[in-house]
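Inspection log for the structure reproduced underneath, given as structure tokens.
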Amino acid sequence: MENYDDSEILGTEKLYSLAGIRIWRAPSAPIRRLMTYPSYEGGEWEAERLNNRWQTLMFLLTLLTIIFVVWLPHQGFVVSNVSAVETSSSLGAYWDVDCRASVSSIDWGTMTPGQTKNVTFYIRNEGSTTILLSGIAKNLNPITAEGYIRFVFGSNDQKVQAGEVKKVTCSLTISPKITNITNFSFDVLLQGTNYLLSDVNKDGIVDMKDIAIVARAFGTTPTSPRWNPNADLNRDLEVDVHDLSLVCRDFAKTSQ
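Each residue of the sequence shown is one higher than the last, beginning at 46 in the working numbering.
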């Protein structure tokens, strides 16, 4: 390729030359144009310059549109408020296995769409009988966050003897599709019961009656007319195939 002659750039003003890169400006242009010519000693090659400034401008406008309209809205963060933790009278929740530091709240911190966080602590049966654990998410605010936030208590239906301490894990997942929500909050209720969660009608056995109750509420959320919180077996604020599978898994089991 032929060497470039600086004298051929008419009506321009040299700004600076640094490390083999020469920058030029056209002072009279309504829109200032920067043209860069990479080169090295010997001048054996140089880059082809952009001759159409409008083409460059349209490219930049298109790029900005993609960033601000398509990409940026999905890169925002979601900040959950601290979740208050409530327990039934027969349970105690603690951060340590020695049951000295009580759990009164869970700080989920800052989460981004598609992210999952796990929190581990200990549950002690402080009653005199064997119980079955369950964890429930309630008081979600704003309600528009339902369907985008999934809370799971990993020890549902786990038996705990009187005085026994169990290690449990809660998880929170933010849907990658969440939009227009910058903060949310919900409470966690930990309970000890005498019934399996899948025994929806609490008659002591998991049977077709329980399957029918879940099927009737299938596809609903807390704002739906057919919403039944007892059919939301995994307490993720939506009755779906996960809840139906739990009933099928426990079919014919007795609660007591």
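Even glycine gets a Cβ: it sits at the ideal position worked out from N, Cα and C.
In this text the structure is predicted, and so the values were computed from the model without any measurement.
Limits of the beta strand (DSSP E) - the one that residue i falls within
i	result
alanine 129	128-132
arginine 195	194-198
lysine 162	161-170
cysteine 215	210-219
leucine 241	No beta strand (DSSP E) holds leucine 241; DSSP gives it neither H nor E.
alanine 138	136-139
Whole-angstrom distance between residue j and residue i, CA atom to CA atom
i	j	result
glycine 249	alanine 190	34 Å
lysine 183	threonine 174	26 Å
serine 133	threonine 110	52 Å
threonine 157	valine 233	21 Å
isoleucine 176	leucine 108	59 Å
arginine 280	glycine 180	7 Å
valine 213	isoleucine 226	29 Å
alanine 260	serine 269	14 Å
serine 243	valine 142	29 Å
tryptophan 278	arginine 145	Going by the sequence as given, residue 278 is leucine instead of tryptophan. When rounded, the distance between both Cα atoms is 31 Å.
isoleucine 223	proline 267	18 Å
arginine 294	valine 286	12 Å
tyrosine 193	serine 135	32 Å
glycine 208	threonine 299	24 Å
isoleucine 76	threonine 101	Legend: pLDDT at isoleucine 76 = 42, less than 50; position of this residue unreliable, value from coordinates given subsequently. Each residue's Cα considered, the two are about 11 Å apart.
proline 274	lysine 247	14 Å
valine 127	glutamate 171	25 Å
valine 251	isoleucine 151	33 Å
threonine 165	serine 147	13 Å
tryptophan 272	lysine 254	17 Å
glutamine 206	alanine 138	15 Å
serine 149	alanine 276	27 Å
phenylalanine 296	leucine 241	11 Å
valine 245	isoleucine 258	7 Å
leucine 282	arginine 169	26 Å
arginine 78	glycine 264	Interpretation of arginine 78 is limited by its pLDDT of 44, a score under 50 that renders its predicted location unreliable; the figure taken from the coordinates is listed afterwards. Approximately 57 Å, taken between the alpha carbons.
asparagine 239	alanine 129	24 Å
leucine 95	methionine 103	The predicted position of leucine 95 is uncertain, since its pLDDT is 48 and thus under 50; a value taken from the coordinates is nonetheless stated next. Taking the straight line from one Cα to the other gives about 13 Å.
glycine 65	leucine 105	Confidence at glycine 65 is low in this model, with a pLDDT of 49, below 50, so its placement is unreliable and the value that follows should be read with caution. Computed Cα separation, rounded: 26 Å.
aspartate 288	asparagine 228	27 Å
Near the ligand FMN: residue i beta-carbon under 6 Å from a heavy atom
i	result
glutamine 203	The ligand FMN is not among the ligands present in this structure, which contains no ligands whatsoever.
Proximity winner among the options, relative to residue i (alpha-carbon distances)
i	options	result
asparagine 163	Ser135, Asp141, Val197, Ile226	Val197
glycine 154	Asn201, Ile219, Pro187	Ile219
leucine 217	Lys204, Glu209, Val251, Gly199	Gly199
serine 290	Arg195, Ile256, Lys247, Gly264	Ile256
glutamate 131	Asn228, Leu235, Asn275, Asn186	Leu235
proline 187	Ser230, Gly159, Phe166, Ile151	Ser230
glycine 159	Asp152, Arg195, Ala262, Leu241	Arg195
glutamine 203	Pro221, Leu185, Asn228, Tyr167	Tyr167
glycine 237	Phe263, Val210, Asp288, Lys254	Val210
proline 221	Trp140, Thr161, Asp288, Asn239	Thr161
tryptophan 140	Asn239, Cys215, Asp288, Asn228	Cys215
Extent of the continuous alpha helix (DSSP H) to which residue i belongs
i	result
leucine 185	No alpha helix (DSSP H) contains leucine 185, which is instead part of the beta strand (DSSP E) from 176-186.
leucine 291	286-294
alanine 260	253-261
For residue j and residue i, believed in contact at Cβ under 8 Å, the rounded distance
i	j	result
asparagine 201	leucine 178	6 Å
valine 284	alanine 262	4 Å
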